[in-house]
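Below is one structure, written out as structure tokens, with a few remarks after it.
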Amino acid sequence: MEETKFVKTGIDGLDEIMRGGIVPNSSFLVTGGPGTGKSIMGLQFVIDGALKFNEPGVYITVEESADDIRYYARRLGWNIEELERKGLVTIIEQQVLERSMVKSLVSIEYIKQLVREKSAKRIVLDSLTLFNFMYSNDTTTLRTELIRFIKNMRTIGVTLLMISDRYSTGIDDIAYAEEDFIFHGVVLLSKLRVQASYERCLHIVKQRGVDHSMKIYPFKIGEGGITVITDATPFALTSGRDQRIKE
Ligand SMILES: Nc1ncnc2c1ncn2[C@@H]1O[C@H](COP(=O)(O)OP(=O)(O)OP(=O)(O)O)[C@@H](O)[C@H]1O
Ligand SMILES: [Mg+2]
1 MEETKFVKTG IDGLDEIMRG GIVPNSSFLV TGGPGTGKSI MGLQFVIDGA LKFNEPGVYI
61 TVEESADDIR YYARRLGWNI EELERKGLVT IIEQQVLERS MVKSLVSIEY IKQLVREKSA
121 KRIVLDSLTL FNFMYSNDTT TLRTELIRFI KNMRTIGVTL LMISDRYSTG IDDIAYAEED
181 FIFHGVVLLS KLRVQASYER CLHIVKQRGV DHSMKIYPFK IGEGGITVIT DATPFALTSG
241 RDQRIKE
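For what it's worth, the working numbering labels the leading residue of the sequence shown as 1, then goes sequentially.
Okay, here's the thing in structure tokens:
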């Protein structure tokens, strides 16, 4: 079988369940409800890329300020300012103020220039709302532009992690979105209820051409970011739920 050298996310446990990582220069979608850890996963993709693999990355934030992102990073124990100084991490803030500005940001020329300047290998766009904002009344153009953007990222030789919001509560009744069919891979972050509490879970929805795990895994967020617990099943899905509540 043909050997692929995967781009490791660096996120503990995630590369293992993805059977190696992300296919180089492909596009990956991280999706989930509010507060499920999407931005942290995106940030960690760039930060671990820098720390563990010495790969420069760019994080484009649309809904939050660059300082917010730096604050979250520091709270998770990452010295993001130092990585920025070294040019290994670049945070770009794109407040959605007016359409013309947004158009100039997602222009391929702008991204190409950034990638060249920083020798970036990883790009995170947080979030796809940017495209919704630009083409809200025209779903066909939105889809076309998204596909064009993804193709261009591939051409310029970066691996793209895109973040999108999901308006769904459970994992059994997930309504898939238009974008799920466009990306090479999709990971879904969720929170499952265990009696009077929630636990964080994730699963790989798809990863084209790769035999990924089909299981649902619990994960935690803390010092160092996200850790996927690969040797456990979520308590919400096992008979161990009573035990969990007592902890
Ligand atoms: N330093 C930390 N230690 C532990 N947990 C944290 C820490 N920082 C954030 N969290 C948890 O992560 C959640 C936020 O994660 P994140 O911002 O990645 O979510 P998100 O899915 O991007 O949310 P949104 O849809 O609002 O953008 C918080 O609600 C909190 O539960
Ligand atoms: Mg977020």
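For each residue, glycine too, the CB sits at the ideal point set by N, CA and C.
What you are looking at is a predicted structure, and each value in this text was computed from that prediction instead of being measured.
Rounded straight-line distance, which links the Cα of residue j to that of residue i
i	j	result
I123	T31	16 Å
L29	I108	19 Å
I69	F133	21 Å
D15	K8	6 Å
M162	L128	7 Å
G37	K112	28 Å
Q207	L51	25 Å
I221	T227	7 Å
S197	P234	13 Å
H203	I47	22 Å
R116	T238	49 Å
G35	S119	31 Å
S213	L125	25 Å
L88	G185	25 Å
I229	L188	15 Å
P56	E145	26 Å
N152	D173	33 Å
K5	T155	17 Å
T66	Y135	The question names Thr, yet the displayed sequence has Ala at residue 66. Rounded to the nearest angstrom, the two C-alpha atoms are 24 Å apart.
N137	I92	26 Å
Y110	T139	24 Å
L83	R166	31 Å
Y72	C201	20 Å
R85	S39	22 Å
E64	S27	22 Å
Proximity of residue i and residue j at Cβ, strictly below 8 Å
i	j	result
Q94	I150	no
I147	I182	yes
V210	V23	yes
T295	V62	Residue 295 lies beyond the residue range present for the chain, which begins at 1 and ends at 247; the question has no answer from this structure.
F265	L142	Since the first and last residues shown for the chain are 1 and 247, residue 265 lies out of range.
A232	E199	no
G33	S168	yes
Whole-number beta carbon distance between residue j and residue i, since they are thought to touch under 8 Å
i	j	result
G10	F53	7 Å
K121	G225	Not quite, the Cβ-Cβ distance comes to about 19 Å (not below 8 Å), so this is no contact.
When the Cβ atoms of the stretch 177-184 are set against those of the stretch 34-50, are three or more pairs found closer than 8 Å?
-> no
Three or more C-beta pairs closer than 8 Å, one from the stretch 74-89 and one from the stretch 13-25: is that the case here?
-> no
Are there three or more Cβ pairs, one per stretch, closer than 8 Å when the stretch 191-202 is compared with the stretch 152-161?
-> no
Could you name each continuous alpha helix (DSSP H) segment of 4 residues or more that falls completely within the stretch 101-148, going from the start of the chain to the end?
-> 108-118, 129-134
Which ranges would you report for the beta strand (DSSP E) in the stretch 172-241 if only whole runs of at least 3 residues count?
-> 185-194, 197-207, 217-222, 225-228
Starting from the N-terminal side, write out each stretch of the beta strand (DSSP E) that is 3 residues or longer and does not extend beyond the stretch 53-104.
-> Those beta strand (DSSP E) runs which fall completely within the stretch 53-104 and span 3+ residues are 57-61, 89-93.
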